[in-house]
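Chemist: Chains as they are written, first to last, in the UniProt record's numbering: chain B, 1 to 363; chain D, 1 to 363; chain Z, 1 to 363; chain E, 1 to 363. Every residue gets a Cβ at the ideal spot worked out from N, C-alpha and C, and that includes glycine. No experiment lies behind these values; they were computed from the predicted model shown.
Protein chains: 4
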Amino acid sequence: MGNTFGQLFRITTFGESHGGGVGVIIDGCPPRLEITETEIQFDLDRRRPGQSKITTPRREADICEILSGVFEGKTLGTPIAILVRNQDARSQDYDEMSLKFRPSHADATYEAKYGIRNWQGGGRSSARETIGRVAAGAIAKKILKQVANVEIVGYVKRIKNLEGVIDPNTVTLEQVESNIVRCPDTEMAEKMIDLIDQTRRDQDSIGGVVECVARYVPKGLGEPVFDKLEADLAKAVMSLPASKGFEIGSGFDGTLLTGSEHNDEFYLDDNGEIRTVTNRSGGIQGGISNGENIIIRVAFKPTATIGKEQKTVTLNKEETTLAAKGRHDPCVLPRAVPMVEAMVALVLCDHLLRFRGQCGVLE
Amino acid sequence: MGNTFGQLFRITTFGESHGGGVGVIIDGCPPRLEITETEIQFDLDRRRPGQSKITTPRREADICEILSGVFEGKTLGTPIAILVRNQDARSQDYDEMSLKFRPSHADATYEAKYGIRNWQGGGRSSARETIGRVAAGAIAKKILKQVANVEIVGYVKRIKNLEGVIDPNTVTLEQVESNIVRCPDTEMAEKMIDLIDQTRRDQDSIGGVVECVARYVPKGLGEPVFDKLEADLAKAVMSLPASKGFEIGSGFDGTLLTGSEHNDEFYLDDNGEIRTVTNRSGGIQGGISNGENIIIRVAFKPTATIGKEQKTVTLNKEETTLAAKGRHDPCVLPRAVPMVEAMVALVLCDHLLRFRGQCGVLE
Amino acid sequence: MGNTFGQLFRITTFGESHGGGVGVIIDGCPPRLEITETEIQFDLDRRRPGQSKITTPRREADICEILSGVFEGKTLGTPIAILVRNQDARSQDYDEMSLKFRPSHADATYEAKYGIRNWQGGGRSSARETIGRVAAGAIAKKILKQVANVEIVGYVKRIKNLEGVIDPNTVTLEQVESNIVRCPDTEMAEKMIDLIDQTRRDQDSIGGVVECVARYVPKGLGEPVFDKLEADLAKAVMSLPASKGFEIGSGFDGTLLTGSEHNDEFYLDDNGEIRTVTNRSGGIQGGISNGENIIIRVAFKPTATIGKEQKTVTLNKEETTLAAKGRHDPCVLPRAVPMVEAMVALVLCDHLLRFRGQCGVLE
Amino acid sequence: MGNTFGQLFRITTFGESHGGGVGVIIDGCPPRLEITETEIQFDLDRRRPGQSKITTPRREADICEILSGVFEGKTLGTPIAILVRNQDARSQDYDEMSLKFRPSHADATYEAKYGIRNWQGGGRSSARETIGRVAAGAIAKKILKQVANVEIVGYVKRIKNLEGVIDPNTVTLEQVESNIVRCPDTEMAEKMIDLIDQTRRDQDSIGGVVECVARYVPKGLGEPVFDKLEADLAKAVMSLPASKGFEIGSGFDGTLLTGSEHNDEFYLDDNGEIRTVTNRSGGIQGGISNGENIIIRVAFKPTATIGKEQKTVTLNKEETTLAAKGRHDPCVLPRAVPMVEAMVALVLCDHLLRFRGQCGVLE
């Protein structure tokens, strides 16, 4: 029962790579929010396969249908159900995988846990599952924007060893979307695209790091001690396919500094607001947002499914080799950007409602 | 309401640094488990302040009392309540902090969120809160040991730039406990102790990395898509005070490899079990344990509270400086080791019960 | 966010009376359960409108589609999504209700809570929402049957003042389904049908009592102190539309007895099993099933929407009258029977998994 | 793990009848609420044993200690822990019950579920567990009073066949507390007291009905479809020891009316507010509060533990008889009144916060 996320703004996703479709139920959405399928489609299009030469060629329009919860263009406060039908399912590509476990993929563990799996396209473990997250994230973003003008911008920070130079405090969605790899350092972006393209031709895959910033987040979000904001953000992005690491603010590098070097000293800005001079905390202190920009980084491993031949075993416990057919991303990073943004938006929106629930009632 | 953790094996902690005490309620514990306060005390002693020259000199015996849920030495299946009274509370040390916000601490954000805070010793944001986690973790460890012989060993991997060489596949609790910094690389441990001691004398602080391994974890734990095992582990440790980053298996470094280099090829071991040649996955694939060793790393920043003078502001919005009094750890890492172990144990135990609940019923 | 029910076997429903459709996501279902749409359809057909002359004439085939979670006829352990499209939606019948609040219906309270509502056919407050519950209940029933041979039989006990004589210990589904009012006392059933028919012609409505028995429920289900089995059953059925009361075992009448009259004395049956001579407890003691038949009763009020003219007010706060058009049930009881069964099944199935999770792991 | 109740205002209780103590953790309490142990003690004193000649003579002062979450007289927003130590535990009274199962008590089912039980005084199944609920309820009441002037008044409506005449719209706490049976119909109260006293002398027990009214509840509380306000109220009170039935508004008797008789017609009051002429709905329509008085009734069976000899079986599966020693209530009703009030307060407070969380954020 691990398919529900969030406490007050709560989503439940469903669906496998092949079959009837994938989607999401959003429960707890504030009523009277104006929302259209077009707004949701914008982020779905950023996520969908076949969007560029460096993503999987699988063709899915990923057109979403709102089944419930919206009436005359506004949310009702009741569950919003969104469905995306599966279309371009070439199941025959997966016949071999019905028997052979792909190394470092979910095939073997799903089989071990459930004693059964939908081996077509990875079934539930397919990145296709994230459609529901991205659709729900689009709604969360709109609420955050409307209530507090929150901006969430994700981008590719690094592909393998190619790292862009990007200022999280000023980067814009337009800059991110200006190229197909979604790295706003346009010079480095070209090198990244070349590397991904070369890797694709090599039948191999690569990984990298997505960075995401949330600006204008109100102070006070996050609930110690277990639902600290960074803890919920970590869980959110570590539940994405292929993620292997999470950092907030100074992250692992911050451990090389002393406290006097690392601490963010306070000052009063021109409006008399308490601010920090530096932002090594990454916008969260003691598990609660402090009004500075929230900055996180997520490590994505190289895609597990590759065309190169690898040693593996079969369902029937025989050793063999596998050179995967099917259509796969040589690098998940460009499509992971809207996924990370969605997960950040879902966490912030949930905590915005929770904050209002607990701390707003005695005002 | 962020003070409850877990779905089936569920803990709720309470308490502030100063006041009546701190503790935990454990709900959902399997019945008839033999457990004593002595077993719980073992891990509490590894966590408690004043245990060595490199930890805070605050003196707390941290003796736990089981209030309920255990009868004639065995768990009843009903809630286990554990209480530790506060003793050595020198509130006067904190008078200054009732007005001045410590940089990079939780003072300002608690004030922003709740409009009130217990400023004595950090109140709820104190690491003292983790007593409840460690006590509950001791019980979780015992269940895991009894059901599946699971071993959980945490240790200090790095202090600032001093990194130990440790084999997670063989490291033992005895090796970890052989020195006060809890780094099983004994040569490096001495250097670490010297560095912490020097930092303490400098009125400054340092951070580092804790690594933790869980061995003999049964296959099948973890619930995609949101409660993937690595996602719940990430949330668990990122909810600990001072944590800034999380990695599993190859982590951030894994992003520098290609898929063909990174993937863990499968083979059959002598017992016909499906195993992986390498373990870059860190024991989890597709969000589900695969039977290999689970290996995670957690970055802890340098302690925020330091004796050196820093710029800050007051509750009344005046700029000032603060040189913190009180008794604080120059480095949280040695005491963070049992905390990380506890959080890992809580996640694994919860998922063990959940696995049994969903997948065991039709057997 | 009140649209999710259950802890381990967890359902989330969505959909309004008019619009894209209604449905359910079932999360946590045990894997490898054989299930077909036909099995689910059986209970949906018992619930659907237009099934007889004493139900609403609205025509909905209510054909269900399994969107995910089932592969080659077996559950995958991943979320099962079931969708039923809306068809016969005559929205024009509801034009008047877009302005006028139906007395004792949900119109005014939805408007008060959300500031918006889908006034077509009651929107989310329509009994049409229960399709998702009944579909999920069909799966829960099958699990209970397969694991422990549990039988759940609901039936109409009373319509207005017409009460049937039925033995809960022996009543069968076939007896219940032998007439359109679902009262196994066939003689009384005819009188009930006549009364409902007369009430329909009078443009009025009536209510009554549904009784439900669960036989062969394993001992040990239910989790004190808040999730006692009777507490979860009460919540389950009190969340059904039009329910006004709940009883277990002796219920309200039991309060007229003394303890010595009311207590269920124990004895040992021929197999040496601990049994009770009487069953005033209704199969649950101390919140935990005791192996005897679980027997509950649910009071359903007369349908709120009636053709007779009534005083009411409008959205714009003007006093007026309303004689409801549209197609409505003169009595919800016959269709409520599968709803009550479904809710009982969902509670028992959830607690079966929870019991296995907590108490099965140390076996 | 059934010992936590509520979503945003969430309580977790712990403790057995004998042992270290009983208590509660309240998580999610709004910050800056003024609260004292004296205010909590008021309701605890209404619940405690030995308060009058018609309750159990067990002597427990039930003095509560706030361990955390309150600072300088105000709530911190962090978990509030409240502990009541056990004192007058005469375990020897229960020696016989370590082997013999009390009919209609929880002894046998706890043993069946957990394979172990604390047989002293009923352990966790003791009504002593409700101390935590009543303490938390006192805080919930204060929040409701402060935010919306909500009044919650419970009282004994009926003892066995002795029914009082009480107007829920005007009854006051003072009237309820004017006699030891807590029935505001003072004439009937005397008869009730005599009947309970006689029953006590007969070594027997009796039950009855508690009615509870909540006045000035804001419109909009309750979350369809599963967390309807009446569904959560039903669960809340059906989780109390000895409860066998629940009604809201017209309840079971309402099923004897036609829709045109039962419906609550709307009108506009002098302030232009939408009101209902009658209140058969009991203050809730469609699962959401409508601003009218919420009125519920709870059936409590006669106390299971009686001095009269009864047939039973032993842990070792031998048939025997039991005439219970120990000190028990001949009738739980007088002490159940504050318990019912507490559960109603907890539900309303939770839904008040939830309402604010979902529906307040876009205001």
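For a contact meaning CB atoms closer than 7 Å, what does V217 (chain E) contact in chain B?
Modeler: What V217 (chain E) touches in chain B: nothing, since even the nearest Cβ is about 14 Å away.
Chemist: Going along the chain, which residues of the region 115-131 of chain Z sit with their C-beta nearer than 7 Å to a C-beta in chain E?
Modeler: R124, S125 and E129
Chemist: Looking at chain B, is there any beta carbon in it that lies within less than 7 Å of the beta carbon of Q358 (chain E)?
Modeler: yes
Chemist: Is the beta carbon of R356 (chain Z) closer than 7 Å to that of P57 (chain Z)?
Modeler: In this structure, R356 (chain Z) does not lie closer than 7 Å to P57 (chain Z) by Cβ.
Chemist: The region 11-41 of chain B: which residues have C-beta closer than 8 Å to a C-beta of chain Z, in chain order?
Modeler: Near chain Z, meaning a CB-to-CB distance below 8 Å, the residues of the region 11-41 of chain B are T12, T13, F14, G15, E16, G19, G20, G21, V22, G23, I25, D27, G28, P31 and R32.
Chemist: Please identify, using Cβ separations under 8 Å, the residues of the region 324-355 of chain D that lie next to chain B, in order along the chain.
Modeler: Cβ contacts with chain B: R354 and F355.
Chemist: Please work out which residues of its chain come closer than 6 Å, Cβ to Cβ, to G77 (chain Z), disregarding the five sequence neighbours upstream and downstream, and give them in chain order.
Modeler: P31
Chemist: For R158 (chain Z), which residues in chain E fall below 8 Å Cβ to Cβ?
Modeler: T255
Chemist: Per DSSP, what kind of secondary structure is I131 (chain Z) in: helix, strand or coil?
Modeler: helix
Chemist: Just how far apart, CA to CA, sit G19 (chain B) and S104 (chain E)?
Modeler: 51 Å
Chemist: Below 8 Å on the Cβ atoms is my contact criterion, and I expect G69 (chain Z) with L346 (chain Z) to pass it. Report the Cβ-Cβ distance as a whole number of Å.
Modeler: Not really, about 16 Å apart at Cβ, beyond 8 Å.
Chemist: Taking C-beta to C-beta, are D197 (chain D) and G164 (chain D) nearer than 7 Å?
Modeler: no
Chemist: Does any C-beta atom of chain E lie closer than 7 Å to the C-beta of L8 (chain B)?
Modeler: yes
Chemist: Give the secondary structure of Y216 (chain B) by DSSP, where H, G and I count as helix, E and B as strand, and everything else as coil.
Modeler: In the three-state DSSP reduction, Y216 (chain B) falls in the coil class, being neither helix nor strand.
Chemist: Which partner residues does D185 (chain D) have in the DSSP bridge list?
Modeler: Beta-bridge pairing links D185 (chain D) to no other residue.
Chemist: Using a Cβ cut-off of 7 Å (strictly closer), state whether L67 (chain D) contacts chain Z.
Modeler: It does not: the Cβ of L67 (chain D) has no partner Cβ on chain Z nearer than 7 Å.
Chemist: Does any CB atom of chain D fall closer than 7 Å to the CB of F5 (chain E)?
Modeler: no
Chemist: Check the Cβ-Cβ distances between V181 (chain Z) and every residue of chain E, and say whether any is below 7 Å.
Modeler: no
Chemist: From Y155 (chain Z) to R46 (chain Z), what distance separates their C-alpha atoms?
Modeler: 12 Å
Chemist: Compare the C-beta of Q198 (chain E) with all C-beta atoms of chain Z and state if any pair is closer than 7 Å.
Modeler: So no, Q198 (chain E) is outside the interface.
Chemist: Take the Cβ of R59 (chain E) as the centre, count every other Cβ of all protein chains shown within 10 Å, and call the residue buried at 16 or more, exposed below.
Modeler: exposed
Chemist: Whose C-beta lies closer than 7 Å to the C-beta of K301 (chain D) among residues of the same chain, with five residues either side of it excluded?
Modeler: Spatial neighbours of K301 (chain D) in its own chain (CB-CB distance under 7 Å, excluding positions within 5 residues in sequence) are listed in chain order as G207, A242 and K244.
Chemist: Can you have a look at Q310 (chain B) and say buried or exposed, based on whether 16 or more other CB atoms are within 10 angstroms of its CB?
Modeler: Counting of Cβ neighbours within 10 angstroms places Q310 (chain B) among the buried residues, the total reaching 16 or more.
Chemist: At the level of alpha carbons, what is the spacing between D204 (chain Z) and L99 (chain Z)?
Modeler: 22 Å
Chemist: Does L229 (chain Z) get closer than 7 Å to chain D when you measure Cβ to Cβ?
Modeler: Using beta-carbon distances, L229 (chain Z) does not count as an interface residue toward chain D, since no partner is under 7 Å.
Chemist: Excluding the five sequence neighbours on either side, which residues of its own chain have a C-beta within less than 8 Å of the C-beta of L195 (chain E), listed in chain order?
Modeler: Apart from sequence neighbours up to five positions away, the residues of its chain that approach L195 (chain E) with a beta-carbon distance below 8 Å are I159, K160, L162 and I206, ordered along the chain.
Chemist: Using the beta-carbon of each residue, which ones in chain Z are nearer than 8 Å to L362 (chain D)?
Modeler: P30, P31, R32, L33, I143, Q146 and V147
Chemist: Suppose you measure from the CA of L44 (chain E) to the CA of L33 (chain E); what does that come to, to the nearest Å?
Modeler: L44 (chain E) and L33 (chain E): Cα-Cα distance of roughly 19 Å.
Chemist: Within a Cβ cutoff of 7 Å, which residues of the same chain sit near M339 (chain B), ignoring the five residues on either side of it in sequence?
Modeler: R47, T130, R133, V134 and L240, listed in sequence order.
Chemist: Which whole runs of the alpha helix (DSSP H) in the region 143-202 of chain D are 4 residues long or more, in chain order?
Modeler: 173-176 and 186-201
Chemist: According to the neighbour-count rule (16 or more other Cβ atoms, all chains shown, within 10 Å of its Cβ), is F252 (chain Z) buried or exposed?
Modeler: buried
Chemist: Note down, in chain order, all residues in the region 68-89 of chain B with a beta-carbon under 8 Å from any beta-carbon belonging to chain E.
Modeler: G77 and T78
Chemist: List the residues of chain E that V313 (chain Z) touches, going by C-beta distances under 8 Å, in chain order.
Modeler: F266, Y267, L268 and I274
Chemist: Checking contacts by CB at 7 Å: is M1 (chain Z) closer than that to chain B?
Modeler: Closer than 7 Å to some Cβ of chain B, the Cβ of M1 (chain Z) qualifies, so yes.
Chemist: Is it buried or exposed, D269 (chain E), if we count other Cβ atoms within 10 angstroms and call 16 or more buried?
Modeler: D269 (chain E) counts as exposed, since fewer than 16 other beta carbons sit within 10 angstroms of its beta carbon.
Chemist: Opposite C64 (chain E) in the DSSP bridges: which residues?
Modeler: E:V84
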